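Q: Pasting in a structure now, in C-alpha cells, and then I'll have a few things to ask.
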Amino acid sequence: MTATVEISDDLLRGPLCHHNGCRGYGDPSRGVVIVGIAPGQDEVGSGRPFSGPSGKLLDAILKAVYWPRQDVYTTNLLCWWKNDPTPADIAGCKDRFVNEIRWAKPKLLICMGNLVYEAITGKEMSGNRGRPTWMPTLGAYVMGTYHPAGFLRGNSQLILDICKDLQKIPMIIGTPDGEWCGWPADGSVSNVRYTVVESAEEAQAVLDGLPRGEDSLVSIDIETNYGEEEIDIFNEEITCLSVCWDHDYTAVIPACYLDDIDWPSGVRWAFQNGMFDVNKLRQRYGVKLAIHEDSLLQSYSLDERGGVHKLEITSGEYCGADHYKEQFRYNKRRGVATNSLLYEYNAKDTAYTRRLVPCFENLQRKDNVYQLYKDLFIPLANVFADISYQGVKVDQDKIAELALEWLPRWLASEEQLVSMANEYGWPGRINLNSPAQLIKLLFGVLSLRMPNRYARQKPSTKVEVLELMDHPFIDALLDFRQLDHMVTNYLIGIKDQIKLDGRVHPAVLIHGSRTGRPSYRNPPVQTIPQPYSVGAELSRIKEIFVPDDEQSILLEADYKQIEVFLAAYLSQDPIMQADLESGDFHSSTAADVIARMERDAFLQGLRGKDPLRIKQRFQAKKVTFGNFYRQGADSLARKRVADCTYAEASSMLIRWRARYRIYEEWADSIMRSATERGELVTVTGRKRRFRVVYGDDSAHILRQSVNFPIQGSANDYILTSLLELYEPLSAFGARVLLSVHDSMLFCVPLVALADCAQYIKCVMEKPRFPGWPSIEVELKIGNNWGSMVSYDKT
DNA sequence: TGGACCCGCGCC
DNA sequence: AGGGCGCGGGTCCA
C-alpha cells in the first residue's frame, strides 16, 4: 500500500486564508473534488493536502479504481492545522473554502468523514454514506465517505466501503472511452418517468410491446399488500406491478388489470431479488418467468458482505436515488399512502433495478466476477426459486404427536424450576429465558462460582459452563433449555411455517453468507437437530419431514468429509492425504483426543449420557476443525467436546500441527495471500475480499481467510452438483428438496430409486473441476428425514 | 413500541 | 479470539 505520486508544484492551487496554510492540490478540470477536514502537521509542512498517511492511502485507492491522482483536486475544510476543529474554526475558513469550490466547479464533491459531510450538506453522514446526491446550491453531486484516517486508526472494514465509493468516480464523471457515459450535469440522474396503465387492454398492449431478444432487458417488480422485505407468497396479494424497458420507460399496472393477461415470451427479465417475485407470479397467475438478471445477486457478487444489497441502498449508491423507500414506509405507517404514491414507489423500484443491471455488469467485468454471476448465481436463483416454490411436505400428525408428548413436559419442567427458584429466595417468577436473571440467581442468590477455567471470564449460563457446575437446579435447567429450544425453535417454529398446502416453503438466500453457503430460513431447514447432539428422543423432530407421496422416498446424498479432503487437496499435505486414504481421518488423527475422552468418560461419565463411539468421533471432528481454522488451545480446553486441561489441549495442538506441518504452511500462505492480494478466489471465481488486514481484528480476519478456501470450495462442489442434477432429475420424477452444506435431500419415486441413486452419486462424485479430487458420496434413504438408513446399491 | 444488540443453541 | 449461518428471547434505548 505504498503508491507514490509525483508531487509537482504546479498542481498546488487554491486560495489560503491562514499563514502557513496548505493549498489545494490537483487538477479540478475533470470535475472531481475531494475534501478533507484539515491538513495534518506534516501536510502543512509539505503544503499539500492528503500527503500524509491518509493521503498515501487515498492515492492507493484511486490507483486501485483507475482514476489518475492528478485528475482529482483535493483540499480541506480548514487550510491550516487544527486538531478537532470547532464550528468556529470551520466558519473562519468558510469564505476561502466556498470561493475555492466555486472556482473548482466540481461535478462530484467527495466529503471525507462525517464532519466534512455535515459541514457541507447540513446532514448526518450516517445513512447517507456512498450516496451521491444532487445539491442545487453547489451544482454538484455530493457524496460522503469515511475518512481514510478512520481506517488507519484500526477499523479495517471501512476500507471496503471507501474503495466502493471512490469506484463511483468514473461512473459519475464519465470516461473518454465511453465505458461510463457519466451522470447528467443537471442533477436529473434519479428522475423516473412512468405512466399508470388504465385498462386491461392497455396492460396487455404494454406487455406485448416489450422488447425481446438477446440485447433487450426488461425489469419487473411487484408490490404486495403487506410485505416490504420478502414476500410470503401464500399470504400476500399483489397490489400492482411495473415493467421498465430501455432505461427510462416505466409502466405501472394495477393488479386489477392483470387477471386475464397473456404473458409474453422471449422477454429477458431483470429483478431485484427475483426469487420472491417469480414465485408470487407463479402462484397467482400460473406464469413462470425466468430470472435473466438480478441486481441483488450482482451486488452480492461485487461485495459478499451482508446488508448492502437492498435496493434501498444500491439505488442510492448507484442511481442517485433519495430515501424514497423510507419516505413511502413512513407515509404507509401514517396511513396516508395513496395509490398514486404506491405507483410512484413501484415505478422507482423497477426503474432503478433496470438501471442497476448494466451499471453493475460493468463493475462485475472489471472485478472479474461476471462469469460467477452468470454461470452460478443466476442459474441457482432459478433453481432455488423452484425449490422454494415446491417446498417440503411435513407430517402434521407427527407434529401433533410430538406436541402431545413434549408440551406437558416442557410446561412442568418450567414450573418446577420456577418454584425451585422461589424456594431459594428468588422473588416473583423467574424468567428462565433470561440469562441476566439466571446469572443473578446462580451467582448471586445461590452464591455459586464460575468453574475455575472460566474464572477470568464474565458470568455466563451457557451449557459448557453449567455442565461443569454441580447443582440440582442446574441439572434441571439444562434439560429444560434443550427441550425449550426444541419446542419453540423447531416444533412451533416449523409448524408456524406450514402453508395451506401442508408444506413448508423455506426461502433460500444465495447471498446469505460471506463464504457462499446458501442459507435457508422460514423455517431454517439447515439446523434441524441431529441425534448425536440432542439424543434420539428430541431429534425425532426430523421425522416430520416426509416425501411428497406414498410412492416416493427421501434420498440423502452426503459428500463424505468434504472439508477435510479439500483441506488436504488445497494444502497438498502428504501426511494428511495419507491419513485420509487410510480410512476415517477423524478417528486416526485425533486418536489421542478420543483416548483422553474415553478415559474421562470412564472416570466421571458424560453427564449421564452414554459415551458412545459416535459422539466421540463427533468430538474428535470438532478438534480437527478447530485445528483447521486455528482454534487456540485455551478455547479447545474449554470446549466441552474435549474435556482436558489447557496443557493437554496445548500439547494436542502441538502434535497436530507437527504432524500436518505442510497444512500449517499452506494456512500461513493463505493468510499472507489474503493480506497481500486483498482477496481470495475459489475455483468458481467466488471472492472473499479483505483489502488490507490491519488493526485489532486482524487475527480474526486471518482466521477467516484460512476458512474461506475450504468452506468456499466445498460450496462450489455442492452448488455445481445441484445445478447439474436439477433438470435431469425431473426426467425421473425426482427433485431436490434442499441442501445442507455438504449434502442434498431428494424426493424420489420408489420405482426410480435405483436409477436416481446411481445417477446422483455419479454426478456428485465426478471430478467437478480440472485437477480437483473426486469426493465420495454416501447415500441414505428413508420414509422420513428422521429415520434414514444407509443405501448400498452398488 | 420498534429497532439494535447480545445471549444461547441448533446445523455443517 | 476456530469459521459459516438463523431464530427465539431478553434487554436497552429512543
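Numbered per this note's numbering, the first sequence spans residues 2 to 795.
Quick reminder that beta carbons are idealized off the backbone N, C-alpha and C, glycines included.
Only a predicted model underlies this, so the values are computations on that prediction, with no experimental measurement involved.
What does DSSP give as the partner residues of residue 14 in its beta bridges?
A: The residue you call residue 14 lines up with position 13 of the first sequence. Bridge partners of residue 14: 25.
Q: My guess is that residue 492 and residue 710 are in contact by the Cβ rule of under 8 Å, so how many angstroms apart are they, rounded?
A: Residue 492 sits at position 491 when you count from the first residue of the first sequence. Residue 710 sits at position 709 when you count from the first residue of the first sequence. Wrong, their Cβ atoms sit about 38 Å apart, outside the cutoff.
Q: In chain order, what residues of the same chain have a beta carbon less than 8 Å from the beta carbon of residue 389, not counting five sequence neighbours either side?
A: If you number the first sequence from 1, residue 389 lands on position 388. So the list reads 276, 280, 506, 507, 508 and 509, once near-sequence residues are dropped.
Q: Between which two residues does the beta strand (DSSP E) containing residue 240 stretch?
A: As a working note, residue 240 is residue 239 in the first sequence. Start and end: 239-246.
Q: List the endpoints of the continuous beta strand (DSSP E) containing residue 135.
A: Taking the first residue of the first sequence as position 1, residue 135 is located at position 134. Its beta strand (DSSP E) spans residues 134-136.
Q: Would you call the CB atoms of residue 384 and residue 45 closer than 9 Å?
A: Taking the first residue of the first sequence as 1, we reach residue 384 at position 383. Taking the first residue of the first sequence as 1, we reach residue 45 at position 44. Their beta carbons are not under 9 Å apart, which means residue 384 does not touch residue 45 by this criterion.
Q: Can you say whether residue 546 is buried or exposed, counting buried as having 16 or more other CB atoms within 10 angstroms of its CB?
A: Counting from 1 along the first sequence, the entry for residue 546 is found at position 545. Under this definition residue 546 is a buried residue.
Q: To which residues of the same chain is residue 683 closer than 6 Å at the C-beta, ignoring the five residues directly before and after it?
A: As a position in the first sequence, residue 683 is number 682, starting the count at 1. Cβ within range, chain order: 713, 714 and 717.
Q: Among 370, 333, 462 and 274, which residue has its Cα nearest to the Cα of residue 354?
A: Position 353 of the first sequence, counted from the start, is the residue given in the question as residue 354. For the residues 370, 333, 462 and 274, the minimum Cα distance to residue 354 belongs to 274.
Q: According to DSSP, what are the bridge partners of residue 336?
A: By one-based count along the first sequence, residue 336 stands at place 335. Per DSSP, none; premise fails for residue 336.
Q: State the Cα-Cα distance for the pair residue 79 and residue 28, rounded to the nearest angstrom.
A: The residue given as residue 79 occupies position 78 in the first sequence. The residue given as residue 28 occupies position 27 in the first sequence. For residue 79 and residue 28, the distance between alpha carbons rounds to 19 Å.
Q: Since residue 758 and residue 733 are thought to touch, with beta carbons under 8 Å apart, how far apart are those beta carbons, to the nearest angstrom?
A: Position 757 of the first sequence, counted from the start, is the residue given in the question as residue 758. Position 732 of the first sequence, counted from the start, is the residue given in the question as residue 733. Residue 758 to residue 733, Cβ: 10 Å. No contact.
Q: So, do the region 716-731 and the region 520-529 have three or more beta carbon pairs nearer to each other than 8 Å?
A: Result no; under three Cβ-Cβ pairs closer than 8 Å.
Q: Cα separation between residue 363 and residue 299?
A: In the first sequence, counting from the first residue as 1, residue 363 sits at position 362. In the first sequence, counting from the first residue as 1, residue 299 sits at position 298. Rounded to the nearest angstrom, the two C-alpha atoms are 10 Å apart.
Q: For residue 556, which beta-bridge partners are listed by DSSP?
A: Sequence index remark: in the first sequence, residue 556 carries index 555 (1-based). DSSP, once it has assigned bridges, lists 747 and 782 as partnering residue 556.
Q: Spatial neighbours of residue 116 within its chain, please: CB distance less than 7 Å, with the 5 preceding and 5 following residues excluded, ordered by chain position.
A: Position 115 of the first sequence holds residue 116. So the list reads 38, once near-sequence residues are dropped.
Q: Per DSSP, which one or two residues make a beta bridge with residue 520?
A: One-based indexing of the first sequence puts residue 520 at position 519. DSSP output for residue 520 lists 510 as bridge partner(s).
Q: Decide if residue 5 is buried, meaning its Cβ has at least 16 other Cβ atoms within 10 Å, or exposed.
A: The residue labelled residue 5 in the question sits at position 4 within the first sequence. For residue 5, the predicted model reports a pLDDT of 48, less than 50, meaning its position is unreliable; a value from the coordinates is still stated below. The residue in question, residue 5, is exposed, as its Cβ has fewer than 16 Cβ neighbours within 10 Å.
Q: In three-state terms, what does DSSP make of residue 738?
A: Mapped onto the first sequence, residue 738 falls at position 737. Residue state, collapsed to three classes: strand.
Q: In or out: residue 331 buried (at least 16 other Cβ within 10 Å) or exposed?
A: If you number the first sequence from 1, residue 331 lands on position 330. Under this definition residue 331 is an exposed residue.
Q: For the alpha helix (DSSP H) that residue 525 lies in, which residues bound it at each end?
A: Counting from one through the first sequence, the residue named residue 525 turns up at place 524. Taken as a continuous stretch (DSSP letters only), residue 525 belongs to no alpha helix (DSSP H), as it is neither H nor E.
Q: Can you name, in chain order, every residue of its own chain whose Cβ lies under 6 Å from the Cβ of residue 245, other than the five neighbours on each side?
A: To locate residue 245, count along the first sequence from 1; it is residue 244. Only 220, 251, 351, 352 and 355 meet the Cβ criterion.
Q: Quick one: which unbroken alpha helix (DSSP H) runs of 4-plus residues sit fully inside the region 153-198? Chain order, please.
A: For the region 153-198, whole alpha helix (DSSP H) runs of length 4 or above, ordered along the chain, are 159-167 and 169-174.
Q: Give a yes or no on contact between the region 297-314 and the region 282-289, applying the rule of three or more CB pairs nearer than 8 Å.
A: Cβ pair count under 8 Å is below three, so no.
Q: Would you mind working out which of 373, 243 and 290 sits nearest residue 348, comparing C-alpha positions?
A: Counted from its first residue, the first sequence places residue 348 at position 347. Of the candidates 373, 243 and 290, the one whose C-alpha sits nearest the C-alpha of residue 348 is 243.
Q: What number of angstroms, rounded off, separates the C-alpha of residue 605 from the C-alpha of residue 472?
A: For the purposes of this step, residue 605 is taken as the residue at position 604 of the first sequence. For the purposes of this step, residue 472 is taken as the residue at position 471 of the first sequence. Any answer about residue 605 is weak, because its pLDDT of 44 lies below 50 and its placement is not dependable; what the coordinates show is given next. So the alpha carbons of these two residues sit roughly 16 Å apart.
Q: In the DSSP assignment, find the unbroken alpha helix (DSSP H) run with residue 667 in it and report its ends.
A: Looking up residue 667 in the first sequence gives position 666. That run of the alpha helix (DSSP H) goes 662-678.
Q: Among 580, 199, 307 and 268, whose alpha-carbon lies nearest the alpha-carbon of residue 258?
A: Start at 1 with the first residue of the first sequence, and residue 258 comes out as number 257. Per the Cα distances, 199.
Q: Just the Cα atoms here: how many angstroms apart are residue 671 and residue 685?
A: Against the first sequence, residue 671 aligns to sequence position 670. Against the first sequence, residue 685 aligns to sequence position 684. Rounded to the nearest angstrom, the two C-alpha atoms are 17 Å apart.
Q: Grab me the residues of residue 382's own chain with a C-beta within less than 7 Å of its C-beta, minus the 5 sequence neighbours each way, in chain order.
A: Translated into positions along the first sequence, residue 382 becomes position 381. Once the five neighbours on either side are set aside, the close Cβ partners of residue 382 are 275, 276, 292, 295, 298 and 511.
Q: Taking Cβ to Cβ, would you say residue 787 is nearer than 9 Å to residue 557?
A: Along the first sequence, one-based indexing puts residue 787 at 786. Along the first sequence, one-based indexing puts residue 557 at 556. No, Cβ-Cβ distance for residue 787 and residue 557 is not below 9 Å.
Q: So if DSSP puts residue 387 in a beta bridge, which residue, or which two residues, is it bridged to?
A: In the first sequence, the residue the question calls residue 387 occupies position 386. DSSP lists no partner for residue 387.
Q: Classify residue 125 as buried or exposed, calling it buried when 16 or more other Cβ atoms lie within 10 Å of its own Cβ.
A: In the first sequence, residue 125 corresponds to position 124, counting from 1. Answer is exposed; the Cβ neighbour count stays below 16.
Q: Smallest Cα separation from residue 272: which of 421, 255, 775 and 311?
A: For the purposes of this step, residue 272 is taken as residue 271 along the first sequence, with counting starting at 1. Nearest of 421, 255, 775 and 311 to residue 272, Cα basis: 311.
Q: What residue ranges within the region 406-440 form continuous alpha helix (DSSP H) runs of no fewer than 4 residues, ordered along the chain?
A: Qualifying alpha helix (DSSP H) stretches, in chain order: 436-440.
Q: From residue 568 to residue 664, what does the alpha carbon distance come to, in whole angstroms?
A: By 1-based counting over the first sequence, the position of residue 568 is 567. By 1-based counting over the first sequence, the position of residue 664 is 663. One C-alpha to the other measures close to 8 Å.
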